[in-house]
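Per my numbering, numbering of the sequence shown is gapless, rising by one per residue and ending at 597. Note that CB positions come from ideal geometry on N, CA and C, so glycine has one too. The next block holds one structure in the form of structure tokens; read it before the comments.
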Amino acid sequence: MNADWREASVELVDGYEVTGPDGRPTREVARALVAIEGGFAHLNIPGTGVVQTVSAPAIRVITFQPNTGGAPRV
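Here you go:
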């Protein structure tokens with residue numbers, strides 16, 4: 524995947540979870556690299572070792588940090 528990764532916080536709607544940095548399911552991620560592609564958000568959450576993908580309806584809010592475009596830096 525050749526995506527534009529940006530640092531952001533992510534909150535998912537009720538009923539959706541991803542694996543957080545502590546290895547537990549969570550709906551809120553304070554810091555991740557996020558790439559939007561089609562109707563999906565790819566989440567590279569520090570400490571998980573994987574990129575998790577959620578569909579657009581799963582997302583309540585993504586808050587991008589200013590000036591964080593480019594290559595992953597997590």
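Item, Value
"Ala553 by DSSP, collapsed to three states: which one?", "strand"
"With the cut-off set at 7 Å, would you say Val557 and Ile582 are in Cβ contact?", "no"
"Please state the DSSP three-state secondary structure of Pro548.", "strand"
"Under the DSSP definition of a beta bridge, which residues are partnered with Ala531?", "Ala555, Phe587"
"So, helix, strand or coil for Ala581, using DSSP?", "helix"
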